[in-house]
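Working notes for the structure below.
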Amino acid sequence: FNTELLQPRRETLEMVVRDLYPRGGHVEQATFWTGLRPMTPDGTPVVGRTRFKNLWLNTGHGTLGWTMACGSGQLLSDLLSGRTPAIPYEDLSVARYSRGFTPSRPGHLHGAHS
């Protein structure tokens, strides 16, 4: 894993901050850090039950965690409560990485099953 912040990325961040907040302080003195975000190999999150009946997943959203949070949370809540989810969810299962898995909506997965 690499948590190094590359110089061009830092320069872009500094430029954006200066543009948005021209009198916001001394950007050159800022301390930068990076963090890792869990992301699946195909770019689609894993939401749902696992083979262990007491383990459910809601992970792998990558940079879209906040964007997908409400929808993923609602989906997981529906599944845990036994309600029928409002969206198709079978292709979000961790089972999609199993040999022989056939996606129900092949065009909707981002990479692994195209």
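At position 108 of the sequence shown (counting the first as 1) the number is 108 in full-length UniProt numbering, and the numbers step up by one without a gap. Note that CB positions come from ideal geometry on N, CA and C, so glycine has one too. All figures in this text were calculated on a predicted structure; none of them were measured in a lab.
Counted as a single uninterrupted DSSP element, the beta strand (DSSP E) harbouring T59 occupies residues W56 to T59. Residue state for R51 is assigned as coil, using DSSP reduced to three classes. Of all alpha-carbon atoms in V94, Y89, L5 and Y97, the one lying nearest the alpha-carbon of G35 is that of L5. Looking at W66, T50 and T67, the one whose alpha-carbon comes closest to that of L92 is T50. Between T63 and P38, the gap from beta carbon to beta carbon reaches 7 Å or more. In this structure P45 is buried. Its beta-carbon is surrounded by 16 or more other beta-carbon atoms within 10 angstroms. Within the model, the alpha-carbon separation for T102 versus S81 is close to 26 Å. As computed with DSSP, M39 is found in a beta bridge with H61.
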